[in-house]
Amino acid sequence: MGSGPGTRALRDRQRAKVYEAENLVHRIFDRSAEFPVVEVAGSRLTLPVERHFATLESVQRYVDAVLAMPTVGACWPRAAVPVAVRERSGQQQADYQRLGAVLAVPLYAGNRAWALRELVILHELAHHLADTADEEPHGPAFTARLIALASDVVGEEAGFLLRTTLWDNGVQVGSPRSPNGPTMHP
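If you want my numbering, it's the 1-based position in the sequence shown plus 26.
As structure tokens, then:
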């Protein structure tokens with residue numbers, strides 16, 4: 027989420043639309059065992075497997091591995107900044123706190139570990155990789171990073187599904203990344 031201690035209150039115009047699109051993508055992945063092939067924007071996609079985690083330790087190992095990926099380090103200098111994973115009290119959202127580079131994850135809501143999934147963790151890492159704290163939290167640069175992470179880590183199909191769903195929900199998406207980070211459409 028990126029709005030915890032250590033972040034300034036910035037206008038977040040796309041937040042609701044981004045969450046709505048992500049919730050749809052999560053539901054599609056939740057049904058992927060039953061429906062592994064989906065049609066999106068006229069393309070048939072075989073969905074890749076989305077990882078789910080059982081413990082904070084497994085989330086921490088995953089976060090460390092993603093930040094160590096050469097493609098991630100080449101695009102975003104903040105990949106060199108380690109992220110600490112901790113439990114978030116309550117059952118609300120996962121949250122990234124830039125001050126201290128902390129990713130807080132609620133473990134269970136009832137019997138459901140809704141936040142212990144790959145796409146939620148990549149969302150929070152997309153906040154971590156922002157070049158500055160002054161970036162709009164769910165703005166075009168953020169969405170470009172999130173799509174790039176989903177494409178590189180989960181699979182190109184996941185990135186395509188996420189990009190298309192964001193666009194369909196009216197979310198502005200930045201241009202694909204370059205070695206110096208994402209650039210914006212003119």
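Built from N, CA and C at the ideal position, the CB exists for glycine as well.
Exposure of residue 90, with buried meaning 16 or more beta-carbon neighbours within 10 Å: Taking all protein chains in view, the Cβ of residue 90 is surrounded by fewer than 16 other Cβ atoms within 10 Å, so the residue is classified as exposed.
Distance between residue 65 and residue 151 (C-alpha atoms, nearest Å): Roughly 28 angstroms between the two C-alpha positions.
Distance, residue 185 Cα to residue 123 Cα: Distance between the alpha carbons of residue 123 and residue 185 is about 25 angstroms.
Simplified DSSP state of residue 161, which is helix, strand or coil: Of the three classes helix, strand and coil, the one that applies to residue 161 here is coil, per DSSP.
Strand pairing of residue 110, partner residues [DSSP]: Bridge partners of residue 110: 128.
Counterpart residues of residue 40 in DSSP-defined beta bridges: DSSP, once it has assigned bridges, lists no residue as partnering residue 40.
Span of the alpha helix (DSSP H) around residue 86: 82-94 is the extent of the alpha helix (DSSP H) around residue 86.
From 133, 182 and 162, residue whose alpha carbon lies closest to that of residue 80: With respect to the C-alpha of residue 80, the residue from 133, 182 and 162 having the closest C-alpha is 133.
Member of 73, 110 and 50 whose CA lies at the smallest distance from the CA of residue 88: By alpha-carbon distance to residue 88, the top candidate from 73, 110 and 50 is 110.
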